[in-house]
Each structure stands twice: as structure tokens, then as C-alpha cells.
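Trainee:
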Amino acid sequence: MQEVISHHLPRRHDNILQVLKSYYQLTKPRIILLLLITTAAGMWLGAKGEVSPLLLFVTLIGGTLASGAANTINCIYDSDIDYIMERTRWRPIPSGRVKPRDALIFAFTLAATSFTLLTVFANLLAALLAMSGIVFYVGIYTHWLKRHSVQNIVIGGAAGAIPPLVGWAAVTGELSWAAWLLFAIIVIWT
0 MQEVISHHLP
10 RRHDNILQVL
20 KSYYQLTKPR
30 IILLLLITTA
40 AGMWLGAKGE
50 VSPLLLFVTL
60 IGGTLASGAA
70 NTINCIYDSD
80 IDYIMERTRW
90 RPIPSGRVKP
100 RDALIFAFTL
110 AATSFTLLTV
120 FANLLAALLA
130 MSGIVFYVGI
140 YTHWLKRHSV
150 QNIVIGGAAG
160 AIPPLVGWAA
170 VTGELSWAAW
180 LLFAIIVIWT
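In terms of numbering that gives the first Met the number 0, the sequence shown opens at residue 0 and continues consecutively.
As C-alpha cells, then:
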């Protein structure tokens, strides 16, 4: 059956725009937008409303790249089940438009760029928190919870609560009790 399905799926791109679109789709941009809103909220609360526009911009770019890396690795990991489901079969990896190896290189490039930007323009704590978000999302949610627990969204919600910590750390260089309270509110809300 797999041979029949794969025969009907596109295996290459016709132009560079299609290549870029496939890689863009790996990052799951709709999910990222929600994370950026909470990152900005964490920055605004941590800085008591006084956020440098440059720091805001760079932190949001760093968050976008880190989230895109995590989502891309999730796509690699889930490509086997995505291939089976009609709704997800046309995603970039199961359709053959992007090879898993190339997606992994893309994800590591996004993560490294995020880490560098956040370290240089914000601080090491913000960068490490962004990387911990990738590790939690991929290691705990994607690998461990998603296929093995009905509580995957509830526990995995902690990954979605890390961006406000990144934002808070970017403007303050630390995590106060208020930052952790914001984290807890988002986890409970999830």
C-alpha cells in the first residue's frame, strides 16, 4: 500500500518558491504566532512596559527561529504517522518534498541562529531558555508524551509556557517569582 500512496505524491519542487514554501511549512508558523504573543507579553511585564524596540524585535526573531526548529524536528519525528493519515500526508516530509536529513540540518541551523541572536542581543539566560523549550517540546512532548499519553497536551503545555520566560529573561536577565507565576498561569490554562 505504501508504494501506491508514494507513487501519487510529488517528489520534487518545480521552483525555488516551492522549496521555500516547504521549509516554511515545516516551521508551523501559525503555532509560532501564539508563542510570540506570550514572549512579547513576558517582555512587557518584565520591563514594566518599557521595552527597547530593537530588543523586542531580536527576541521575537530568536523565538521564531527556536520555535521553528522545534516544530521542524517534530515534523521529522512524526513523518511516519503523517504519511499514513490522509490529512497530513501532503506535509513536506511525508510527501517527499523535503528529506528528513535536510529538515534536520534546517532545524539545527534555526536553533543555532536563535541561540546566537539571543545570546548576543539579549543574554545567555534567554538563549538557554529558548533552547530548553526546544528540548522540552521535542524530547518530552513529541518523543515521550504525544504517542504514549492522553495527557500529552496538558503536560506538553509547559513547552508553550517557556516563551514568556524567554521574554522576561531577555529584558531583566533573571527570572523572578512573577515570571514563574506567568509560566504557571499558561501551563494551567493549557
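Built from N, CA and C at the ideal position, the CB exists for glycine as well.
S94 to V149, Cα distance in whole Å?
Mentor: Between S94 and V149, the C-alpha separation is close to 28 Å.
Trainee: Quick one: Cα of L127 to Cα of E173, how far?
Mentor: Going from the Cα of L127 to the Cα of E173 covers about 12 Å.
Trainee: Just confirm the distance between the C-beta atoms of G159 and L144, as a whole number of angstroms; I'd bet it's less than 8 Å.
Mentor: About 13 Å; that fails the 8 Å criterion.
Trainee: Can you give me the C-alpha to C-alpha distance between A169 and S113, rounded to a whole angstrom?
Mentor: Cα to Cα, A169 sits roughly 13 Å from S113.
Trainee: I152: which of P163, V50 and F135 sits nearest, CA to CA?
Mentor: Among P163, V50 and F135, the Cα nearest to that of I152 belongs to F135.
Trainee: What do you get for T115, buried or exposed, if any count of 16 or more other CB atoms within 10 angstroms of its CB means buried?
Mentor: With fewer than 16 other Cβ atoms within 10 Å, it is exposed.
Trainee: Quick check: what's the CA-CA separation for G138 versus N73?
Mentor: Near 10 Å, if we compare the C-alpha coordinates of N73 and G138.
Trainee: What did DSSP end up calling T26 once you bin it into helix, strand or coil?
Mentor: Correct three-state label for T26: coil.
Trainee: Do you know how far the Cα of P162 is from the Cα of A183?
Mentor: C-alpha separation (whole angstroms): 12 Å.
Trainee: Going by other Cβ atoms of all chains shown within 10 Å of its Cβ, with 16 needed for buried, is N70 buried or exposed?
Mentor: Classification of N70: buried, given that the 10 Å Cβ count is 16 or more.
Trainee: Determine the contact status of A65 and I133, defining contact as a CB-CB distance below 8 Å.
Mentor: In contact: A65 and I133 (Cβ atoms closer than 8 Å).
Trainee: Using beta-carbon positions only, say whether G41 and L180 come within less than 8 Å of one another.
Mentor: Contact flag unset, no.
Trainee: So, are the CB atoms of L54 and A121 less than 8 Å apart?
Mentor: Yes; because the gap between Cβ atoms is below 8 Å, this pair is in contact.
Trainee: Report back the beta-carbon spacing between T26 and G67 to the nearest angstrom; my notes put them in contact at under 8 Å.
Mentor: Yes, T26 and G67 are in contact; Cβ-Cβ is about 3 Å, under 8 Å.
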